[in-house]
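Participant: Be aware that the sequence shown starts at -3, since it is given in this note's numbering, and climbs by one per residue.
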Amino acid sequence: VQLVEAGGGLVQPGGSLRLSCAASGSIFSENDMGWYRQVPGKERELVAYQNIGGFTKYGDSVKGRFTISRDSAKNMVWIQMNSLKSEDTAVYFCYLKNWEVPGGMEYFGKGTLVTVSS
């Protein structure tokens, strides 16, 4: 499975940014797609994910500001980030979990940097 992110960059506090991710390879019919982020020295944290049935989970710090969407037919996932704060600065990783085995198999992209700064 290959995951390629796009859309990172520099944005001012209060601004918006949209990240996209294209998945390819052996993608199982039952899968979750979403986003994690990581700041140097901290653990990777969930931003949001959505399963094939539409169930969605957001990290507490982004609820009400970020919106995830996906096109399962095209194996694409997006995250719309609004009202960005300096603490949203991180490397954002696209995420896919294939459920072909119990517990699933997780994959991450290489990441795209989002910097929120004036």
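Glycine is no exception: its CB is placed at the ideal position from the N, C-alpha and C atoms.
Going by beta carbon distance, what residues of the same chain come within less than 7 Å of Gly11, once the five residues before and after it are set aside?
Facilitator: Excluding positions up to five away in sequence, the list reads Leu80.
Participant: Should Ala69 be labelled buried (16 or more other beta-carbon atoms within 10 Å of its own) or exposed?
Facilitator: Result: exposed.
Participant: Pick out whichever of Gly50, Asn71, Asp67, Val35 has its Cα sitting closest to the Cα of Ser22.
Facilitator: Checked all of Gly50, Asn71, Asp67, Val35; the closest Cα to Ser22 is Asn71.
Participant: For Asp28 versus Lys106, is the C-beta spacing smaller than 8 Å?
Facilitator: Cβ atoms of Asp28 and Lys106: not closer than 8 Å.
Participant: Judging by CA-CA distance, which residue of Arg66, Glu96, Gly4 is the nearest neighbour of Ala118?
Facilitator: Nothing can be reported for residue 118, as the shown portion of the chain is limited to -3 through 114.
Participant: Whole angstroms is fine: what's the gap from Trp42's alpha carbon to Thr63's?
Facilitator: In the sequence under discussion, the amino acid at residue 42 is Leu, which differs from the Trp named in the question. About 13 Å.
Participant: So, Thr108 versus Gly30, is the Cβ gap smaller than 8 Å?
Facilitator: Cβ atoms of Thr108 and Gly30: not closer than 8 Å.
Participant: Here's the rule I'm using: 16 or more other beta-carbon atoms within 10 Å means buried, otherwise exposed. How should Glu39 be labelled?
Facilitator: Exposed.
Participant: Where does Ser113 fall in DSSP's three states?
Facilitator: Note: Ser113 maps to coil in three-state DSSP.
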